[in-house]
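I have placed the structure first, in the form of structure tokens, so that the comments after it can refer back to it.
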Amino acid sequence: MAKPSEVVAQLVVEAAIAGIAGTVRGKFPIAPVILNAQQCGELGLPPGSNTMFYPLDKSGVFYDVDEARSTIWYTGADAPKALTTVENAVRRAYPNAKQAKDEDDPREADMRVRTYDVKLPQGRLAIVQLSYPTQQSRAPKFVAQVTGMVIKQ
1128 MAKPSEVVAQ
1138 LVVEAAIAGI
1148 AGTVRGKFPI
1158 APVILNAQQC
1168 GELGLPPGSN
1178 TMFYPLDKSG
1188 VFYDVDEARS
1198 TIWYTGADAP
1208 KALTTVENAV
1218 RRAYPNAKQA
1228 KDEDDPREAD
1238 MRVRTYDVKL
1248 PQGRLAIVQL
1258 SYPTQQSRAP
1268 KFVAQVTGMV
1278 IKQ
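Per this note's numbering: the sequence shown = residues 1128 to 1280.
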């Protein structure tokens, strides 16, 4: 069974970035569970959220789509491995991806944020923001936000 970090990497590259680029192919190998309004509310998500849950053996990965932004996240012991796994997948699929930032997460003391700019065809840009746990984190989690933009030519 796939690890959460591997599922996040695959969703970032094959769903979120590919969705912005217009290059989504095929069907994801894990069927998602579509969350209802009550389940989204229990996660602290606003009404009208479009959130899916990809179940894994003892955990799972959440994927929320809000207009031009996709947020993919999970918690658990595998979270510290996610940064390297996702970065490697992004660089493999998009070798011209450029790291723009790596800084403390202003929202959470035990997290850092690394940002990549991924230039895509047709004047599109994917901003990939990876929030990852520090070594001091007591409750490891990983969050990837992918935002689509159009570059003025």
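All C-beta atoms, glycine included, are put in the ideal place defined by N, C-alpha and C.
Since the structure is predicted, the reported quantities are computational estimates derived from the model, not experimental observations.
List the endpoints of the continuous beta strand (DSSP E) containing S1258. R1251 to P1260
Could you give the DSSP three-state label for N1223: helix, strand or coil? coil
Once DSSP output is grouped into helix, strand and coil, what is the label at A1271? Shown here, A1271 sits in a strand according to DSSP, grouped into three states.
Does the beta-carbon distance from F1137 to R1196 come in below 8 Å? The identity of residue 1137 in the sequence shown is Gln, whereas the question assumes Phe. It is not a contact, given that the beta carbons lie outside the stated cut-off.
With 16 other CB atoms within 10 Å as the buried threshold, where does E1214 fall? buried
Taking buried to mean at least 16 other C-beta atoms within 10 Å of its own C-beta, is L1162 buried or exposed? buried
Does the beta-carbon distance from L1257 to V1240 come in below 8 Å? yes
Taking the Cβ atom as the reference point for each residue, do V1217 and V1135 lie within a distance shorter than 8 Å? No. Outside cutoff.
Since F1155 contacts A1142 with CB under 8 Å, what's their CB separation in whole angstroms? 7 Å
I1199 to F1180 span [Cα, whole Å]: 10 Å
Using the three-state DSSP reduction, which class does S1197 fall into: helix, strand or coil? strand
Taking the alpha-carbon positions, what's the A1253 to Y1243 distance? 8 Å
With distances taken Cα to Cα, identify the nearest neighbour of A1206 among A1220, D1184 and F1269. Residue F1269 is the option with its Cα nearest to A1206.
Contact belief for D1073 with Q1263 at Cβ below 8 Å, rounded distance in angstroms: Given a span of 1128 to 1280 for the chain in the structure shown, any question on residue 1073 remains unanswerable.
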